[in-house]
Amino acid sequence: MKKRTHYVIDKKYQLRTAFSIIGTVILITAVILGAITASVVYNNIRLNWNNERIDNIYKIENSIFSLLSSTPSPSDQALKKAIEESSEKHDANMATLDTIIAYNNRIIAYNKFLLIAILFIVMAECALLFIFLIRRTHRVSGPIHVMSNFMKDIIEGREPALRPLRKKDELKDFYELFKQMLSALEYREKKKP
Numbered sequence: 005m006k007k008r009t010h011y012v013i014d015k016k017y018q019l020r021t022a023f024s025i026i027g028t029v030i031l032i033t034a035v036i037l038g039a040i041t042a043s044v045v046y047n048n049i050r051l052n053w054n055n056e057r058i059d060n061i062y063k064i065e066n067s068i069f070s071l072l073s074s075t076p077s078p079s080d081q082a083l084k085k086a087i088e089e090s091s092e093k094h095d096a097n098m099a100t101l102d103t104i105i106a107y108n109n110r111i112i113a114y115n116k117f118l119l120i121a122i123l124f125i126v127m128a129e130c131a132l133l134f135i136f137l138i139r140r141t142h143r144v145s146g147p148i149h150v151m152s153n154f155m156k157d158i159i160e161g162r163e164p165a166l167r168p169l170r171k172k173d174e175l176k177d178f179y180e181l182f183k184q185m186l187s188a189l190e191y192r193e194k195k196k197p
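Numbering-wise (this note's numbering), the sequence shown opens with residue 5 and increments by one.
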């Protein structure tokens with residue numbers, strides 16, 4: 005017997021089942037993704053705002069020290085030493101601010117990447133779920149299709165050619181009951197004079 009490869013036998017049942025489950029998954033995922041997106045967008049806005057403030061502090065402190073370093077060398081040694089120490093601290097502060105800004109920018113980029121990755125994962129999940137559901141519903145709609153064809157044969161006066169269901173098909177108990185019914189009908193038909 006030729007192996008059948010049509011997985012969508014009962015389009016209405018199979019597609020309705022697949023799309024209703026996928027729709028539910030998408031709805032729940034959209035709510036979760038919406039919450040994550042809102043959090044990421046809020047955090048990115050705050051990080052950008054912090055970067056702008058840090059950059060402003062950076063510019064102000066830099067201009068103050070540029071101004072101090074451009075003034076003629078003070079004659080007071082204590083003041084001169086204080087300016088040198090402040091200059092060293094200034095350089096360290098500027099390096100720290102640069103590090104913070106770079107770190108914040110990495111977080112912002114990571115957040116955007118994370119959102120895109122989640123979106124692609126959800127799309128892949130939906131595609132895999134669709135394939136899984138079509139195959140799963142095929143195990144139900146296949147036996148129903150077979151029994152429907154048997155019923156059509158009986159209605160048209162032909163004797164159905166019974167065959168076993170596939171190994172992974174569902175509704176095997178119902179199919180056995182259906183075969184018993186056909187045997188009983190055939191027996192009654194033969195008993196008639």
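Here a beta-carbon is modelled for each residue, glycine too, at the ideal position from N, C-alpha and C.
Per DSSP, what kind of secondary structure is residue i in: helix, strand or coil?
i: PRO164; result: coil
i: TYR11; result: coil
i: SER79; result: coil
i: PRO197; result: coil
i: ASP177; result: helix
i: LYS93; result: helix
i: LEU137; result: helix
i: LYS171; result: coil
What separation, rounded to the nearest whole angstrom, lies between the Cα atoms of residue i and residue j?
i: LEU119; j: LYS85; result: 51 Å
i: LYS183; j: LEU123; result: 49 Å
i: ARG143; j: LYS156; result: 21 Å
i: LEU181; j: TYR191; result: 15 Å
i: TYR14; j: SER145; result: One detail in the question is off: residue 14 reads as Asp in this sequence, not Tyr. If I take the Cα positions, the gap works out to 6 Å.
i: THR103; j: ASN47; result: 18 Å
i: PRO168; j: TYR114; result: 55 Å
i: THR33; j: GLU129; result: 11 Å
i: PRO164; j: ALA188; result: 14 Å
i: ARG162; j: PHE154; result: 9 Å
i: GLU87; j: LEU71; result: It should be pointed out that residue 87 corresponds to Ile in this sequence rather than to Glu. ILE87 and LEU71: Cα-Cα distance of roughly 11 Å.
i: LEU101; j: ILE64; result: 13 Å
- So does the stretch 35-50 actually touch the stretch 175-188, counting three or more Cβ pairs closer than 8 Å? no
- Task: Indicate whether the contact test is met: 3 or more Cβ pairs, each with one atom in the stretch 48-58 and one in the stretch 100-110, closer than 8 Å.
- Result: yes
- the stretch 134-148 contacting the stretch 60-68, beta-carbon criterion three pairs below 8 Å: no
- Looking at C-beta atoms only, is the number of pairs between the stretch 21-31 and the stretch 123-133 that lie closer than 8 Å three or more? yes
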